[in-house]
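*Asks:*
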Amino acid sequence: DARVTQTPRHKVTEMGQEVTMRCQPILGHNTVFWYRQTMMQGLELLAYFRNRAPLDDSGMPKDRFSAEMPDATLATLKIQPSEPRDSAVYFCASGQRGGDTEAFFGQGTRLTVV
Amino acid sequence: GIQVEQSPPDLILQEGANSTLRCNFSDSVNNLQWFHQNPWGQLINLFYIPSGTKQNGRLSATTVATERYSLLYISSSQTTDSGVYFCAVSLRDTGNQFYFGTGTSLTVIP
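Line order of the protein sequences matches chains A and G.
Count along the first sequence from 1, then add 329; that gives the number in this note's numbering.
Count along the second sequence from 1, then add 61; that gives the number in this note's numbering.
(1) By the 10 Å Cβ neighbour count, where 16 or more other Cβ atoms means buried, how is A/Ala382 classified, buried or exposed?
(2) Compute the beta-carbon to beta-carbon distance between G/Leu93 and G/Val150, rounded to the nearest angstrom, for a pair I have assumed lies under 8 Å.
(3) Could you list which residues in chain A have their beta carbon closer than 7 Å to that of G/Thr114, in chain order?
(4) Rounded C-beta distance between G/Leu167 and G/Leu72? I'm assuming under 8 Å.
(5) Which one of A/Arg393, A/His358, A/Gly424, A/Asp400 has the shortest CA to CA distance from A/Gln409?
(6) From this set, G/Glu128, G/Ser112, G/Ser136, which residue's C-alpha is nearest G/Leu120's C-alpha?
(7) Take G/Gly62 as the anchor and find which of G/Phe161, G/Pro171, G/Ile170 has the nearest alpha-carbon.
(8) Using a Cβ-Cβ cut-off of 7 Å, state whether A/Phe434 counts as contacting chain G.
(9) What runs of the beta strand (DSSP E), each 3 residues or longer, lie entirely inside the stretch 382-441 of chain A?
(10) Measuring CA to CA, which of G/Ala126, G/Gln98, G/Glu66 is closest to G/Ser143?
(11) Name the chain A residues that come within less than 7 Å of G/Tyr109, Cβ to Cβ?
(12) One question on the structure: do A/Thr405 and A/Gln353 come within less than 7 Å of each other, judged by their Cβ atoms?
(13) Would you say G/Thr140 faces chain A, with C-beta separation under 7 Å as the test?
(14) Taking A/Asp415 as the reference, which of A/Leu375, A/Asp400, A/Pro399 has the closest Cα?
(15) Could you run through the stretch 365-395 of chain A and flag, in chain order, every residue whose CB is less than 7 Å away from some CB of chain B?
(16) Assign G/Asp71 to one of three DSSP states: helix, strand, or coil.
(17) Check the DSSP bridge columns for A/Arg379 and list the partner residues they point to.
(18) What's the C-alpha gap between A/Leu356 and G/Ser80?
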């Protein structure tokens, strides 16, 4: 059963700490999206990779957020330093050929920064 | 950027009732998906439907791309249908990322 896997599922951290979220896309998918969901803003695109290259990270606060794909089976989203306003659910999704085909979402990482 | 509007924003149904959810978008799209976010927060794929009509059990969807809207039909609703329904669209010209609507929150009461 192919699925997108995100770890950790839940993370509570203190303000100022580094947070790393990981995503394993579905095998064979060459496109990875990172989204953030909050009550106020809904689902916002943070970053978008195709064939491991970043295509769009304009939705991401550059001073504290970074996204990478060290290899085809792993995408990471880091926040350093974390702030309480970063508290949200972070979703990873993968697809073949970007938005031309169906995208599948992981279960999300619920981040709480205190 | 593209505007994706969903209506109604909230919906309360008696179990067994039917409903229609609407998604309007402001530009030509090359992809459209419907998702159900269940009370545990999971985003579940319902339909990949850039155009035409599809059916899956009690759910069906229709996208009329030329008129820039999509409809999701839920028949004989059940309490497990509760949650938020999102449509998401992508534009080839903007790199194919998905833009989400604000969702329709559905509550089905027994």
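For every residue, glycine included, the Cβ atom is placed at its ideal position computed from N, Cα and C.
*Replies:* Once the coordinates are examined:
(1) Along the first sequence, one-based indexing puts residue 382 of chain A at 53. So A/Ala382 counts as exposed.
(2) Residue 93 of chain G sits at position 32 when you count from the first residue of the second sequence. Residue 150 of chain G sits at position 89 when you count from the first residue of the second sequence. Indeed they touch by this definition, with Cβ atoms about 5 Å apart.
(3) Numbered from its first residue, the second sequence carries residue 114 of chain G at position 53. Result: empty, since nearest Cβ-Cβ is about 17 Å, beyond 7 Å.
(4) Taking the second sequence and counting its residues from 1, one reaches residue 167 of chain G at position 106. Taking the second sequence and counting its residues from 1, one reaches residue 72 of chain G at position 11. Yes, they are in contact, since the Cβ atoms of G/Leu167 and G/Leu72 sit about 5 Å apart, within 8 Å.
(5) For the purposes of this step, residue 409 of chain A is identified with residue 80 of the first sequence, where counting begins at 1. Answer by Cα proximity: A/Arg393.
(6) Residue mapping note: residue 120 of chain G aligns to position 59 of the second sequence, counting from 1. Scanning G/Glu128, G/Ser112, G/Ser136 for the CA closest to the CA of G/Leu120 turns up G/Ser136.
(7) If you number the second sequence from 1, residue 62 of chain G lands on position 1. Considering only alpha carbons, the answer is G/Phe161.
(8) Position 105 of the first sequence, counted from the first residue, corresponds to residue 434 of chain A. Closer than 7 Å: yes.
(9) If we require 3 residues or more, the beta strand (DSSP E) runs fully inside the stretch 382-441 of chain A come out as 382-385, 394-400, 403-408, 417-424, 432-434.
(10) Position 82 of the second sequence holds residue 143 of chain G. The candidate whose alpha carbon is nearest that of G/Ser143 is G/Gln98.
(11) One-based indexing of the second sequence puts residue 109 of chain G at position 48. Ordered by position in chain A, the residues that pass the 7 Å Cβ test against G/Tyr109 are Glu431.
(12) As a working mapping, residue 405 of chain A is identified with position 76 in the first sequence. As a working mapping, residue 353 of chain A is identified with position 24 in the first sequence. No, these two residues do not count as a Cβ contact at 7 Å.
(13) Walking along the second sequence from the start, residue 140 of chain G turns up at place 79. Chain A contact via Cβ: absent.
(14) Position 86 of the first sequence, counted from the start, is the residue given in the question as residue 415 of chain A. Among A/Leu375, A/Asp400, A/Pro399, the Cα nearest to that of A/Asp415 is on A/Leu375.
(15) Of the protein chains in the structure, A and G, none is chain B.
(16) Residue mapping note: residue 71 of chain G aligns to position 10 of the second sequence, counting from 1. In this structure, G/Asp71 counts as strand in the three-state DSSP scheme.
(17) What you label residue 379 of chain A is simply residue 50 of the first sequence in a count that begins at 1. A/Arg379 pairs with A/Thr360, A/Ala382.
(18) As a first step, residue 356 of chain A must be located in the first sequence, where it is residue number 27. As a first step, residue 80 of chain G must be located in the second sequence, where it is residue number 19. The C-alpha of G/Ser80 is placed about 36 Å away from the C-alpha of A/Leu356.
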